[in-house]
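A short write-up of the structure that comes next.
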DNA sequence: GTTAGCACTCAAACCGCCCGACTGCTAACT
DNA sequence: AGTTAGCAGTCGGGCGGTTTGAGTGCTAAC
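This is how it looks when you write it as C-alpha cells:
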C-alpha cells in the first residue's frame, strides 16, 4: 500500500509524462505539484517508487518515466475523473446528431470524431451474432488435403484447408462430418468461435478423430472469426504525430500492425462487458499492439448485435481524455439506439 | 533534340537514381554505363544536361539527380521495355486465379498483389456509370440554408447544403428546381459530374439565378462525385520504406493525403483511356500527391462499369517494373472479365 | 523524517578538424 | 572540335574532444 504522498508523486510523474513525454525531474514535481516539500524529499520517494517497480530511470542523470505498472495503477486508482470541455462535448453531439443515417454511417462518424478529438487511432467493431450455422461440409480434395466449408443462414464461408492424416478414408470423413454437424448446427456462430476443444462429446470410439477435429476446429475458428464483424478504423496516421513514433521504422511497424484488422477486432472484442463499460489494456498486458494501450467501450446495437468502440494510442496516452470521450460517445450511441 | 550519348547518360542517371536514391557521379556513370569515354567527358555532358533542365545538382560537390522533366523524358522516350521475371508473372497469375470470387474480392486481391510486388501504394477504383438521375429536389430549410437532394435510379444522395441568397422566395426555389430537373433528369451521373458551368441553357430571364445555380452545382458535383465509385487501397505504409519518407513528418503528410479517397479516385480516373492503356503522372505535372508519381491503367469491367488500377509511388519510382506489372494485371483482368 | 548542499554522471549540443567524394576548369592531345 | 588527364576547389559528413546543464544520490545537519 502506497502512502498518500507516494501516490501524489506517482500521479504527478504520470500526468507530467503524459503531457510532455519527457522524463520527470524531482524539481519539476516539487514546483508544479508538491510545493510543500523539498525536491530532496521527493527524490527519496522517487527512489523507493523506482525500487517498487513503478518508475524507470533511463540513465542516472535523468528524471523518471512511469512503467506500465505505474500506468495500470494510475488508471485503476490514481486518475481523477474529468469531464470533457463544453466545446468538445458539443462538438461530439453536433457531429453525431447530424449523422442519423445508417448504422454504417454512424460508425464511420464515430471513428472520425474520436480520432479528431483525441489525436489517436480510433476503431469501431460491429458484431452481428445472430448468424447460426446451417451445415458443415468436408470435401476431400484427394491430394491429402481437405476443404472445410461452413454454411450459415446468411452466407457461405469457405477456404478452410486442412491436411488430412494418411489413414483417413471416405467413410471416416463422412463420419467426422456427421459428428461436427451434430455438435454445431443450429448454434450461433459466436458460440462456435469460442468453442473450447477438447470437447466431451467425443467418446472413446472417436478418439482417433481427435487430431483431425482439433485442426478442423482451429481452421473454422479462424475462418469464421470475422463472420458478421464489421471493422471501421480511422486516424492511423494521427499516431505519427506522437513522439514515440519519431522514427519512421517504428511508425511503419505500428501501421503494419494496424493493417491486421482481424487482430485489432479481436483485441477490441475479446472481453465482453456490459453496455457502456470501459476496458483499458496497457502495453504488453494483453496482446495490444506493441507499445500501445487500447481503451474500449461496448454498446449494444440491438438484438444480437453489439459494438465495440476503441481508441488505440501510445501507452503514454491521455487516459482521462480518452475515457471521458468514450464515455460521452457510448452515452450518445446508447441513447440513439434506444430511440429507434 | 538530344544526342545519342546525352540520352544514354541521362538514362544512366535516372536508372541509377531510381535504384540507389543517391546523386549520381560522373565516375559512376563512366564505370557502370559508359566505359568507352572518360568521366571528364561525362562531366561536360552532365553540365549541359543540367543547363537544359534535366538534371539538378543538390550542391556543388555532389552528383546530379534527375528533375521531373528528366523523369518525364525517361518515361516517354528513354525507358526500355522490360518483362516481369517469370517468378513474378507466375505469382500474379497464381494469386489472381485463386480469387475468382466477386468483383470486390478481385479488386482487393489486385491491390494486394500490386503493393507486394512493387512495394508502392496501390489503388483500384471501380466506376459504375449506369446510374441516371431521376430527380433533383431543393428543400428550403428556412434558416437561410437550402438542402439539395439528388435522386438516382439506384439510390438517394443527400446532404448537399447551400446558403440561400436573401431575396430568394419559395417561388424562385421552385423555379430553380424545375430548371435543374429539366437539364439533368435522365442523364448519367457521370455526365453530370463533368458538367461545366456556366451553361448556355440559362437565358437572360434567369441570370439572377446564376449565383445560386453555380453553388448548387458545385455541391452536387461534390456530393455525387463518389457516386457509383468504389475505392480500394492497399500498401500505404509500404511508402515509408522509401528514403523520401525517412522523416516522419513527410510520411505523415503523405498518409494524410492518402486519406482523401475522393481526391485519389479523381486522380486515377480523370483521364479516360482505352482498355489497357497506361498513363503516367509525375509529381507536380498533374495534381498527383506531393512528391509522388501515379501510374494508371484502365480496364472495362462490363457495360458502363470501368475500373482504374493505379500505383502511387515516389517520383523516383521504378517505372519499368510498375508499368510491366500493370500491363500484366490489366491483361489478366481483361481476360477474366471477357470469360464471364 | 526532512532538507540544503555538494559531488558526480551523462546526454546532448557544439566545435573544429579532416577526409573524401565530386566538380569545374585548364591545358594538352587526337 | 571533341576528348581527356590532372589538379584545385567545394562542401557534406563523420570523428573526437569539450562544454553545458539537467538531474541524481549521498551526506550531514536540522
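Chains as they are written, first to last, in this note's numbering: chain A, 196 to 535; chain B, 196 to 535. Each residue gets a CB set at the ideal place from its N, CA and C atoms; glycine is no exception. Since this is a predicted model, take the numbers as computed values, not measurements.
Where the beta strand (DSSP E) containing residue i begins and where it ends
i: residue 426/A; result: 424 to 429
i: residue 323/A; result: 316 to 323
i: residue 236/A; result: Counting along the chain, residue 236/A falls outside any beta strand (DSSP E), though it belongs to the alpha helix (DSSP H) covering 234 to 246.
i: residue 281/B; result: Element bounds for residue 281/B: not the beta strand (DSSP E) but the alpha helix (DSSP H), 281 to 293.
i: residue 473/B; result: 473 to 477
Cross-strand partners of residue i (DSSP beta bridge)
i: residue 344/B; result: 332/B
i: residue 494/B; result: 502/B
i: residue 327/B; result: 383/B
i: residue 442/B; result: 442/A
i: residue 358/A; result: 340/A
i: residue 520/B; result: For residue 520/B, which the question treats as bridged, DSSP gives no partner whatsoever.
i: residue 539/B; result: Residue 539/B is absent from the structure shown; chain B starts at 196 and stops at 535.
i: residue 508/B; result: 488/B
8 Å Cβ cutoff met for residue i and residue j
i: residue 237/A; j: residue 251/A; result: no
i: residue 462/B; j: residue 426/B; result: no
i: residue 273/A; j: residue 259/A; result: no
i: residue 222/A; j: residue 500/A; result: no
i: residue 471/A; j: residue 492/A; result: yes
i: residue 488/A; j: residue 520/A; result: no
i: residue 257/B; j: residue 218/B; result: yes
i: residue 317/B; j: residue 430/B; result: yes
i: residue 475/A; j: residue 270/A; result: yes
i: residue 432/A; j: residue 435/B; result: no
i: residue 423/A; j: residue 348/A; result: no
i: residue 365/A; j: residue 326/A; result: no
i: residue 287/B; j: residue 524/B; result: yes
i: residue 192/A; j: residue 415/A; result: In the structure displayed, chain A extends from 196 to 535; residue 192/A sits before or after that span and is not available.
i: residue 343/A; j: residue 359/A; result: no
i: residue 228/B; j: residue 203/B; result: yes
i: residue 473/A; j: residue 532/A; result: no
i: residue 235/B; j: residue 438/B; result: no
i: residue 302/B; j: residue 281/B; result: no
i: residue 379/A; j: residue 411/A; result: no
i: residue 372/B; j: residue 331/B; result: yes
i: residue 176/B; j: residue 290/B; result: Past the edges of chain B, shown from 196 to 535, lies residue 176/B, and the structure says nothing about it.
i: residue 276/A; j: residue 479/A; result: no
i: residue 244/B; j: residue 298/B; result: no
i: residue 443/B; j: residue 208/A; result: no
i: residue 267/B; j: residue 477/B; result: yes
i: residue 441/B; j: residue 446/A; result: no
Contacts that residue i makes with chain A (C-beta to C-beta distance below 8 Å)
i: residue 443/B; result: 435, 440, 441, 442, 443, 446
Under 7 Å from the C-beta of residue i: neighbouring residues of chain B
i: residue 451/A; result: 432
Heavy atom of the ligand HEM within 7 Å of residue i beta-carbon
i: residue 528/A; result: Of ligands this structure carries none, so the ligand HEM is not represented either.
First through last residue of the alpha helix (DSSP H) which encompasses residue i
i: residue 209/B; result: 199 to 215
i: residue 301/A; result: 298 to 313
i: residue 433/A; result: No alpha helix (DSSP H) contains residue 433/A, which DSSP labels as neither H nor E.
i: residue 463/A; result: 456 to 464
i: residue 223/B; result: 221 to 227
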